[in-house]
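Numbering (numbering that gives the first Met the number 0), first residue to last: 0 to 596.
For each residue, glycine too, the CB sits at the ideal point set by N, CA and C.
These numbers were taken from a predicted model, which means no experiment stands behind them.
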Amino acid sequence: MHILDLLKEKGLISEETSAEIVVESQGAPSVIEEGLMRRGIDAETILNTLGEYYRLPTRRLAPQDKIPADILRYVPEDSAQHYRLVPLEEKDGVLEVGVTDPDNLIALDALNFISSKNNLPYKLVLILEQDLVRVLTMYENLTEEVDQALTELEIELTSEKKPIEVEEKVDTVEILKEDAPVTRIVATVLRYAVDGRASDIHIEPIEDKIRVRFRVDGTLHTSLDLPIKIQSAIAARIKILASMRLDEKRKPQDGRFSATIDGRKIDFRVSTLPTYYGEKVVMRILDPDSDVRSLESIGVSDHHIEAIRQAVRQSYGIILISGPTGSGKSTTLYAMLGEIDRMGKNVISLEDPVEYKIEGVSQSQVRPEIGYTFASGLRTVLRQDPDVIMVGEIRDKETAQLAIQAALTGHLVLSTIHTNDSIGIISRLIDMGVDPFLIAPTLILGIAQRLVKKICPDSGKEVPIEGSLEVMIAKEFETLPGPYRSRIPPSEHVLRAIPSKECPNGTRGRMAVMETFSVDQELEQLILRGASAKEMYASVRKKGFMSMREDAIIKAMHGQIPFEEVNELGGAFVDFDPGADEEIGEEHVDNVTLAIP
C-alpha cells in the first residue's frame, strides 16, 4: 500500500487528486510531499501518515531548533546532501538520523558505514523534506565561513578602529591575532583544501577579485572568490606564516610553514609571484606523516616493477626518474626506497623539502638560501659512509657530475631530472656537461613518468574495441616484439568516464604511467659513440621497451583509467572526444581525432 492509498482511506484526498500527484511526482517522495501541501494537507498529517506507512517514528523540527556542530560532524555535508539523511541528536549513545526516504537502500548502506566508522549505533526517524533542507543549511561550508569572516573584516575596515595592517618592516613584524578575519580566511582555505584532498592551492588576483582554486587529482577547480581589496592582507598573512619578506613584492619568493589540521601536521610549500594585479600565491600541500606507498599501490605495471627491483638491488649505479612538476616522481622515489634494505644499509636523502618521513632513512632538507644546496649536501653525504643516496633533483652540472662520481665510486644513487621522455635522460645529462664515457657505465635505469586519472569505482561506460579504435591500438603496438605482446590484455572494451554525484568528473585519484629502459652493453656502446635518440629507442624497443602511452592504453584496457587519459599523453591518439557520435574511417590512423560514441 502506498502513502497516497492511506490518505485516500482516511478521506483526506480523492482518487483524482492521488492520480494527479502520481503523475507530478513520478514516485519522488519530496515531490509527493510538496504536492500534498499544495492541496491543503498539513505537514503534521503528511508526516504521521508517512510514519504509519513506513512504520517508523517521526520528528518535526521547530523553527528555533538548531543542530549542534558536534552532531553534524557525524555525517559529512556532502554525504548528507547526496544521501538525503541528516544527524539530529545523540542520546544514550545512539545517533538519531532523520531521513525522508527509508527505501533508499544505498543511503542506508552509507549510513551503516558512517555508523561503523564512528563506532556509534543509530536509529532512523522520518522527517519532512522541508526540515531536511533546514538542517542542511546548518552545515558551515567554505563559502559561508569565509563570507562571515569577510563581513567582520568589512566592519573593522569601516569602523573608527585602526584598520587591520601588517607592519612591513622585516625586523618588527606584527603578526595578526588568531581571531582576526584575514587569519581566519586563510585558515579556512587551508583546512578545506586539506579536507578536499587538494595537492595545491592557488590564490590569484584577477582584476576585480581574488580567485582561489584547489588542484584535486591534477585538475584545478575554483573554490571561491574573494574581494580584490584584501589581496595584500591575504598575501601578507601567508608570507608571515612562511617567514618571507613582507616588504619585497617585486620579486618571487619561496618559503614553507607547517600547520596542525585535524590533529595532523601538514607542511605547506609556498611560492609567490608578482603579477599585474598583485602577488599570486601557490601552496603545495605535503603530509609528512602519510604512509610511503608501494610500487603496486601507485599503479606501476608488473614489468616496470621487475625492472625497478632489479635496479635497486645493484650495489652501485644511478637510477633517474624524469617528468614534469607534479608527475609523482618523489612518490616513486620513496616507493623505491621502500624496496631497499634500510636496516642493513646506510640510506641518506637530500630533499627540498622532505615530503614524507620514511623509517630507516637519514633525511636532510637542503636550504639554498644559506648555501646548503644539493651539490654541497652531496659532498657532505659522501663523507657519511652511505650505501644509497637519494638526491631530490639534479638541476645543474655540478650536481649531475657529483651524482655520477658517487655512482662510479660504489654508491647507488636515486634522483630525478627534467626531460620529456626516458631516452631524453641521456641527452639531458650530456647537455649538462657529463661526459658520455661516464654516463655509460653508471646509468642503470631510466624512467619517465606521468600521472593519469583513475576511473571512479563501479563507474564508466564501456566502449567496444572495434573499427578505427581497434586499428589504432594495433598500430600503437605493431613494433612491439612478439615475446612481449602478452602484456597486452585480451580486452574487448575500454571505459569512458561518466560523471556521478560521488565523482563529478567520473574519476577519483590518480595512478602512474611509466616507460623504463635498462642500460645493457648494446646501449652502453650507443651512448659512447653518441648515437641518436632514434637509434637508442630502436635498441631498447627490441628488448620490450613500452612508452608511457602504451602503458596507459594497457591500463585503459584493464579498466583502471578512462581512455580519455590516453589522449593526454599525446601521440597518435589526438583530441579524444568520448561524446562524439561520428565514427572515423581506418584511413585516418596516423594523426587522428578519435571519436567514440
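- Task: In the DSSP assignment, find the beta strand (DSSP E) that holds alanine 447 and state where it starts and stops.
- Result: On the sequence shown, residue 447 is found 448 positions in, with the first residue counted as 1. Unbroken beta strand (DSSP E) run through alanine 447: 442–454.
- Cβ of glutamate 350 within 8 Å of Cβ of valine 311? Position 351 of the sequence shown holds residue 350. Position 312 of the sequence shown holds residue 311. Against a cut-off of 8 Å, the Cβ pair of valine 311 and glutamate 350 comes out as no contact.
- Task: Evaluate the contact criterion for the segment 449–469 versus the segment 507–518: three or more CB pairs, one atom per stretch, below 8 Å.
- Result: yes
- Task: List the endpoints of the continuous alpha helix (DSSP H) containing glutamate 514.
- Result: On the sequence shown, position 515 is the one that residue 514 refers to. Taken as a continuous stretch (DSSP letters only), glutamate 514 belongs to no alpha helix (DSSP H), being part of the beta strand (DSSP E) at 506–517.
- Have a look at Ile552, Gly50, Leu450, Gly529 and flag the residue whose alpha-carbon is nearest the alpha-carbon of lysine 474. Along the sequence shown, one-based indexing puts residue 474 at 475. For lysine 474, the nearest C-alpha among the options comes from Ile552.
- Query: What is the DSSP secondary structure of aspartate 224, counted as helix, strand or coil?
  - Reply: Counting from one through the sequence shown, the residue named residue 224 turns up at place 225. DSSP places aspartate 224 in strand when its eight states are reduced to three.
- Task: Examine the Cβ distances between the segment 274–291 and the segment 406–417 and report whether three or more of them are shorter than 8 Å.
- Result: Taking one beta carbon from each stretch, the segment 274–291 and the segment 406–417 have fewer than 3 pairs nearer than 8 Å; the two do not touch.
- Query: Taking the runs of the alpha helix (DSSP H) that are 4 residues or longer, which of them lie wholly in the segment 294–343?
  - Reply: 301–311, 328–336
- Message: Tell me which residues share the same chain as aspartate 340 and place their Cβ nearer than 7 Å to its Cβ, disregarding the 5 neighbours each side in the sequence.
- Response: Here residue 340 is taken as the residue at index 341 of the sequence shown, counted from 1. Within the same chain, aspartate 340 has no close Cβ partners at all.
- Message: At 4 residues or longer, what runs of the alpha helix (DSSP H) sit wholly inside the segment 177–244?
- Response: 180–194, 230–240
- Query: In the DSSP assignment, what are the bridge partners of histidine 492?
  - Reply: The sequence position of residue 492 within the sequence shown is 493, counting from 1. Its beta-bridge partners are Pro463.
- Nearest-angstrom Cα separation, counted from isoleucine 205 out to aspartate 224: Here residue 224 refers to the residue found at position 225 when the sequence shown is read from its first residue. Here residue 205 refers to the residue found at position 206 when the sequence shown is read from its first residue. Straight-line Cα distance between these residues: approximately 10 Å.
- Among Phe256, Gly92, Ile526, which has the Cα closest to the Cα of isoleucine 422? Here residue 422 refers to the residue found at position 423 when the sequence shown is read from its first residue. Comparing Cα positions, the closest option is Ile526.
- Simplified DSSP assignment, three categories, for lysine 90: As a first step, residue 90 is located in the sequence shown; it is residue number 91 there, counting from the start. The answer is strand: DSSP assigns lysine 90 an E or B state.
- Message: From the DSSP secondary-structure annotation, give me the bridge partner or partners of aspartate 266.
- Response: For the purposes of this step, residue 266 is identified with residue 267 of the sequence shown, where counting begins at 1. DSSP lists Ser257, Leu285 as partners of aspartate 266.
- Query: For the alpha helix (DSSP H) that serine 361 lies in, which residues bound it at each end?
  - Reply: Counting from 1 along the sequence shown, the entry for residue 361 is found at position 362. No alpha helix (DSSP H) contains serine 361, which is instead part of the beta strand (DSSP E) from 360–364.
- Taking just the CA atoms, how far does glycine 459 sit from isoleucine 497? Taking the first residue of the sequence shown as 1, we reach residue 497 at position 498. Taking the first residue of the sequence shown as 1, we reach residue 459 at position 460. Using only the alpha carbons, I get a separation of about 5 Å.
- Message: Quick check on lysine 116: does DSSP put it in helix, strand or coil?
- Response: Stepping through the sequence shown from its first residue, residue 116 is reached at position 117. Of the three classes helix, strand and coil, the one that applies to lysine 116 here is helix, per DSSP.
- Report the option in Val134, Thr259, Leu319 whose CA atom is closest to the CA atom of glutamine 63. In the sequence shown, counting from the first residue as 1, residue 63 sits at position 64. For glutamine 63, the nearest C-alpha among the options comes from Val134.
- Whole-angstrom C-beta distance between valine 193 and methionine 265, which should lie under 8 Å: Translated into positions along the sequence shown, residue 265 becomes position 266. Translated into positions along the sequence shown, residue 193 becomes position 194. The question names methionine, yet the displayed sequence has isoleucine at residue 265. The Cβ separation is near 6 Å, so the contact holds.
- So, helix, strand or coil for glycine 423, using DSSP? Locating residue 423 in the sequence shown gives position 424, counting from the first residue. Of the three classes helix, strand and coil, the one that applies to glycine 423 here is helix, per DSSP.
- Query: Just reading off the alpha helix (DSSP H) that isoleucine 45 is part of, what are its end residues?
  - Reply: The residue you call residue 45 lines up with position 46 of the sequence shown. Boundaries of the alpha helix (DSSP H) around isoleucine 45: 42–53.
- Item | N- and C-terminal bounds of the beta strand (DSSP E) containing leucine 411 | The residue given as residue 411 occupies position 412 in the sequence shown. Residues 411–416.
- Query: By Cβ distance, which residues of its chain are closer than 7 Å to cysteine 502, with the 5 residues on each side in sequence left out?
  - Reply: Stepping through the sequence shown from its first residue, residue 502 is reached at position 503. Closer than 7 Å at the Cβ level, and outside the excluded window around cysteine 502, lie Cys455, Ser458.
- Alpha carbon of methionine 342 to alpha carbon of glutamate 469, nearest angstrom: In the sequence shown, residue 342 corresponds to position 343, counting from 1. In the sequence shown, residue 469 corresponds to position 470, counting from 1. Rounded to the nearest whole angstrom, the CA to CA distance from methionine 342 to glutamate 469 is 49 Å.
- Task: Would you mind reading off the limits of the beta strand (DSSP E) that contains methionine 137?
- Result: Stepping through the sequence shown from its first residue, residue 137 is reached at position 138. Neither: methionine 137 is in no beta strand (DSSP E) and is coded neither H nor E.
- Per DSSP, which one or two residues make a beta bridge with glutamine 252? Taking the first residue of the sequence shown as position 1, residue 252 is located at position 253. Residue pairing for glutamine 252: DSSP places it in a beta bridge opposite Thr271.
- Residue burial classification, glutamine 524 (beta-carbon count within 10 angstroms, cutoff 16): Counted from its first residue, the sequence shown places residue 524 at position 525. Per the 10 Å Cβ criterion, exposed.
- Is it a yes or a no for the segment 353–372 touching the segment 471–487, going by three-plus beta-carbon pairs under 8 Å? no
- Who are the near neighbours of asparagine 117 in its chain, counting only those whose CB is closer than 8 Å to its CB and skipping five residues on each side? As a first step, residue 117 must be located in the sequence shown, where it is residue number 118. Once the five neighbours on either side are set aside, the close Cβ partners of asparagine 117 are Tyr73, Leu94.
- Taking Cβ to Cβ, would you say valine 346 is nearer than 8 Å to leucine 336? The residue labelled residue 346 in the question sits at position 347 within the sequence shown. The residue labelled residue 336 in the question sits at position 337 within the sequence shown. Yes, the Cβ-Cβ distance between valine 346 and leucine 336 is below 8 Å.
- Less than 8 Å between the CB atoms is what I'm expecting for leucine 568 and arginine 548, so what's the real figure, rounded? Mapped onto the sequence shown, residue 568 falls at position 569. Mapped onto the sequence shown, residue 548 falls at position 549. Correct: roughly 4 Å between the Cβ atoms.
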